[in-house]
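Peer 1: Dropping the structure in here first, questions after.
There are 2 protein chains.
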Amino acid sequence: MTQDAFSKTQITTASDQVFVDMRREIVEGSIEQGSKISEPELAKRYGVSRATLREALNRLESCYLIERKANVGCRVVALTAERLIEVYQVRSALEGLACRLAADNMAADEVQSLKQLLNQHLQTQRVKEGESYYQEAGDLDFHYRIIKASKNDHLIHLLSNGLYQLIRMYRVQMGMVGPRVSKAFDEHLAIINAIENHDGELAELLMKRHISASQANIQAKFERYQSM
Amino acid sequence: MTQDAFSKTQITTASDQVFVDMRREIVEGSIEQGSKISEPELAKRYGVSRATLREALNRLESCYLIERKANVGCRVVALTAERLIEVYQVRSALEGLACRLAADNMAADEVQSLKQLLNQHLQTQRVKEGESYYQEAGDLDFHYRIIKASKNDHLIHLLSNGLYQLIRMYRVQMGMVGPRVSKAFDEHLAIINAIENHDGELAELLMKRHISASQANIQAKFERYQSM
DNA sequence: TAACCATGAATTGTCGACAATCTTAAAGAA
DNA sequence: TTCTTTAAGATTGTCGACAATTCATGGTTA
Chain G
827 MTQDAFSKTQ ITTASDQVFV DMRREIVEGS IEQGSKISEP ELAKRYGVSR ATLREALNRL
887 ESCYLIERKA NVGCRVVALT AERLIEVYQV RSALEGLACR LAADNMAADE VQSLKQLLNQ
947 HLQTQRVKEG ESYYQEAGDL DFHYRIIKAS KNDHLIHLLS NGLYQLIRMY RVQMGMVGPR
1007 VSKAFDEHLA IINAIENHDG ELAELLMKRH ISASQANIQA KFERYQSM
Chain F
827 MTQDAFSKTQ ITTASDQVFV DMRREIVEGS IEQGSKISEP ELAKRYGVSR ATLREALNRL
887 ESCYLIERKA NVGCRVVALT AERLIEVYQV RSALEGLACR LAADNMAADE VQSLKQLLNQ
947 HLQTQRVKEG ESYYQEAGDL DFHYRIIKAS KNDHLIHLLS NGLYQLIRMY RVQMGMVGPR
1007 VSKAFDEHLA IINAIENHDG ELAELLMKRH ISASQANIQA KFERYQSM
């Protein structure tokens, strides 16, 4: 079944629940990056059998949060500078594409709704000065809307189920809060304008730059983090 | 474990074997596209338990060859025109990126080796006139080398484990053999030249065009196929 | 007739136990 | 000492059975 990263999807089975729980714990760092995973231990902790746990592990592997080796076991993905660059290169290409498609497809009222969302975020931001949660959530929300507007289901799945948890893991564990708030807002605005004008080429370019800026930001933080 | 789509990776476990076997059968159409999958039936057929089979099913889902619904079951992916377009849009973006990175990274001797491979394919092509297998394999080989030359492991995984089996499925089941042989060869050559000159921008552009041409080709075939 | 509800069959999800493999640590040889 | 070998322990892979859910069939009612 397709587990969406953003909207709350229906959780029907026990392995669904374990998957969602573990995903959160890994992204937030409760389960440490790079650490070995013991199946018997985790199965006991979540109160399920190993079969159920392994089902969840398989899905976590699909979204790149853990790595498996046959007859050896699972390990939580390790956050490295190299991987960060790799992931952002892919993200840039895919979200650039999504943005171009959105510019082609998005109807006028959808654009208006997106603009409204952005203004709303700005207001919330002003009120809750310094509070980082809203920024992160707002940013995610903005990107997710554009991704969905691409109307390309395969692309949507690839980004929201495949890449975004890993990206979030870097951001959360690096404690991304930051001075990029207002700048990011301007960039978002420029992207919306390009989409509104159905200028796919420009929208793609702007999105790629926006993501590059985000990468530079997090990368700097990562290097500072590693030198400690 | 990471199952590579091209190079023959070590098969250690029973579910590995089932995964590889089923993958081939799905891609080649022995297991019909869109058909429902019965776990008990297939488990018996492959001579393994359901647990082992389900492990394989999970991996097949990761490379987009089957789709699961909770408490309902699995279904082989259905080949549709819409999905074909979606997949090729993603492929274009990702392989364009790979090609650009390859142009940045590839050493002179690697480029030479790739050129040699291409010439070799041309010769084989001339000898085995009309035989399509070599063309298909040659094309795959060429693309795979460039993908690997990107040196971006995440991208490599995404393409070779994620997208290529699905693309192959379309190509195989549409019976792609065809008049694009010599044209594709010229396009490949132009791409290599751009890479050799470390002109990443051009290499990316040419690769995207090459893939677009390939898409147009298979799409036409698909529409002809569907109208029958 | 058509729509709706039981009931049973079949399928998927989950469990605990066994087999195969890897890891660790101790014992022995160079 | 250091490297190799071996045996015990622990971990993963696989199996068959049970529980929960869905699907198909037939019967009932409007």
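Listed in order, the protein sequences are those of chains G and F.
Just so we're on the same page, my numbering is the position in the first sequence counted from 1, plus 826.
Just so we're on the same page, my numbering is the position in the second sequence counted from 1, plus 826.
Idealized CB from N, CA, C, for every residue including glycine.
1) Helix or strand or just coil, what does DSSP make of Lys977 (chain F)?
2) Using a Cβ-Cβ cut-off of less than 9 Å, list which residues of the segment 906 to 920 of chain G approach chain F; keep chain order.
3) If you draw a straight line from the alpha carbon of Glu1013 (chain F) to that of Cys925 (chain F), how long is it in whole angstroms?
4) Report the residues of the segment 925 to 947 of chain G with a CB closer than 7 Å to any CB of chain F, ordered along the chain.
5) Give me the subset of the segment 973 to 994 of chain F whose CB atoms are less than 7 Å from a CB atom of chain G, sorted by chain position.
6) Leaving out five residues on either side along the sequence, give the residues of the same chain with a beta carbon under 7 Å from the beta carbon of Leu1015 (chain F).
7) Can you look up Cys900 (chain F) in the DSSP assignment and give me helix, strand or coil?
8) Kindly indicate which three-state DSSP category Glu893 (chain G) falls into: helix, strand or coil?
9) Can you look up Ile863 (chain G) in the DSSP assignment and give me helix, strand or coil?
10) Cβ closer than 8 Å: which chain G residues qualify as neighbours of Ala896 (chain F)?
11) If I measure Cβ to Cβ from Gly873 (chain G) and keep anything under 8 Å in the same chain, skipping five residues before and after, which residues do I get?
12) Would Ala869 (chain F) and Met848 (chain F) be called neighbours here (beta carbons separated by less than 8 Å)?
13) Go ahead and pull the three-state DSSP assignment for Leu950 (chain F).
14) Does the segment 1025 to 1036 of chain G come into contact with the segment 934 to 950 of chain G, if we say contact requires no fewer than three beta-carbon pairs (one atom in each stretch) closer than 8 Å?
15) Report buried or exposed for Gly1001 (chain F), applying the criterion of at least 16 other Cβ atoms within 10 angstroms of its Cβ.
16) So, is Val898 (chain F) buried or exposed, given that buried needs 16 or more other C-beta atoms within 10 angstroms?
17) Does the Cβ-Cβ distance between Arg909 (chain G) and His980 (chain F) come in under 8 Å?
Peer 2: Taking the structure as given:
1) Coil.
2) Going along the segment 906 to 920 of chain G in chain order, one finds Glu908, Arg909, Ile911, Glu912, Val913, Gln915, Val916, Ser918, Ala919, Leu920 with a Cβ nearer than 9 Å to chain F.
3) For the pair Glu1013 (chain F) and Cys925 (chain F), the Cα-to-Cα distance works out to about 13 Å.
4) Contact residues of the segment 925 to 947 of chain G toward chain F are absent (C-beta to C-beta distance below 7 Å).
5) Those would be Asn978, Asp979, His980, Leu981, Leu984, in chain order.
6) So the list reads Leu944, once near-sequence residues are dropped.
7) When secondary structure is reduced to three states using DSSP, Cys900 (chain F) falls in the strand class.
8) Glu893 (chain G) falls in the strand class under three-state DSSP.
9) Residue state, collapsed to three classes: strand.
10) Chain G residues near Ala896 (chain F): Met827, Thr838, Thr839, Asp842.
11) None.
12) For the pair Ala869 (chain F) and Met848 (chain F), the CB atoms are not nearer than the 8 Å cut-off.
13) The sequence shown places Thr at residue 950 (chain F), not Leu. Thr950 (chain F): helix per DSSP, three-state reduction.
14) Three or more Cβ pairs closer than 8 Å define a contact, and the segment 1025 to 1036 of chain G falls short of that threshold against the segment 934 to 950 of chain G.
15) Burial check for Gly1001 (chain F): the Cβ neighbour count within 10 Å stays below 16, so the residue is exposed.
16) It is exposed - the Cβ of Val898 (chain F) has fewer than 16 other Cβ atoms within 10 Å.
17) His980 (chain F) is positioned such that its CB atom lies closer than 8 Å to that of Arg909 (chain G).
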